[in-house]
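> One structure is given below, represented as structure tokens, and several questions about it will come after.
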Amino acid sequence: MSHPVHPAVVHFPVACWSLATLADVVGLFWAPPWLWQLAFALTVLGCVFGLVAAAAGFLELLKLPAEHPAGSTANAHMGLALTTWCLYAGSVFLRLHDQQPVPPDAWALALGGVGLLSLLATGWLGGKLVYGYGVGVTAREA
């Protein structure tokens, strides 16, 4: 396949985690039970889709030649993406009590907030890889 899979699947964890964090912020001011349950479900889905996106991204990273000028940016992108996943996964575990979801505490909310900042930085580096270095872009004849 000539088209990389990573850019196609990365939108799912980005959307899930962004919406989960938004639901958590809204929940600070308006807290119906379904809102924190939605945030929990979106965070879990983001973690699942994040594993798929990470695997696809890792396969793309393996295709990058060692001497490529984007190597350090690609490694930073991968490191931040894994950090983001860990922050949101930590938030999931803090939202569980006796294997049942519970409303988030301050730590779970903080991990989600820091996770969003990490997600934004990860996306910025991903954009730099594509638009700055042309990683994953195939030149075609006109």
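Residue numbering for the sequence shown follows the working numbering, starting at 92 and increasing by one per position.
Note that CB positions come from ideal geometry on N, CA and C, so glycine has one too.
A130: buried (16+ other C-beta within 10 angstroms of its C-beta) or exposed?
Buried is the call here.
> Output the distance between the C-alpha atoms of A146 and M169, rounded to the nearest integer angstrom.
Rounded to the nearest angstrom, the two C-alpha atoms are 10 angstroms apart.
> Check L187 in the structure and name its three-state DSSP category.
Note: L187 maps to strand in three-state DSSP.
> Considering V139, what are the terminal residues of the alpha helix (DSSP H) in which it resides?
Residues 124–154.
> Please determine, among G148, D196, A201, the residue with the shortest C-alpha to C-alpha distance to L220.
Checked all of G148, D196, A201; the closest Cα to L220 is G148.
> Can you tell me whether A122 is buried or exposed? The criterion is at least 16 other CB atoms within 10 Å of its CB, across all chains shown.
Label assigned to A122: exposed.
> Alpha carbon to alpha carbon, how far is L171 from Q128?
Roughly 27 angstroms between the two C-alpha positions.
> What do you reckon, are the CB atoms on L207 and T134 nearer than 8 angstroms?
No, Cβ-Cβ distance for L207 and T134 is not below 8 angstroms.
> With DSSP run on the structure shown, which of helix, strand or coil describes P240?
No information on residue 240 is available, as it lies outside the stretch 92 to 233 that the chain covers here.
> If you count every other CB in all the chains shown that lies within 10 Å of the CB of V101, and 16 or more means buried, which is it?
Classification for V101: buried.
> Can you give the Cα-Cα distance for T164 and P156, rounded to whole angstroms?
Rounded to the nearest angstrom, the two C-alpha atoms are 13 angstroms apart.
> How is the alpha helix (DSSP H) around W246 delimited, first residue to last?
The structure shown does not extend to residue 246, since the chain spans only 92 to 233, so no value can be given for it.
> Please look up how many angstroms separate the CB atoms of A161 and Y224, rounded, as I've assumed it's under 8 angstroms.
Confirmed, Cβ separation roughly 4 angstroms.
> Check each candidate in L185, K154, V116 and name the one with the smallest Cα separation from H94.
The candidate whose alpha carbon is nearest that of H94 is K154.
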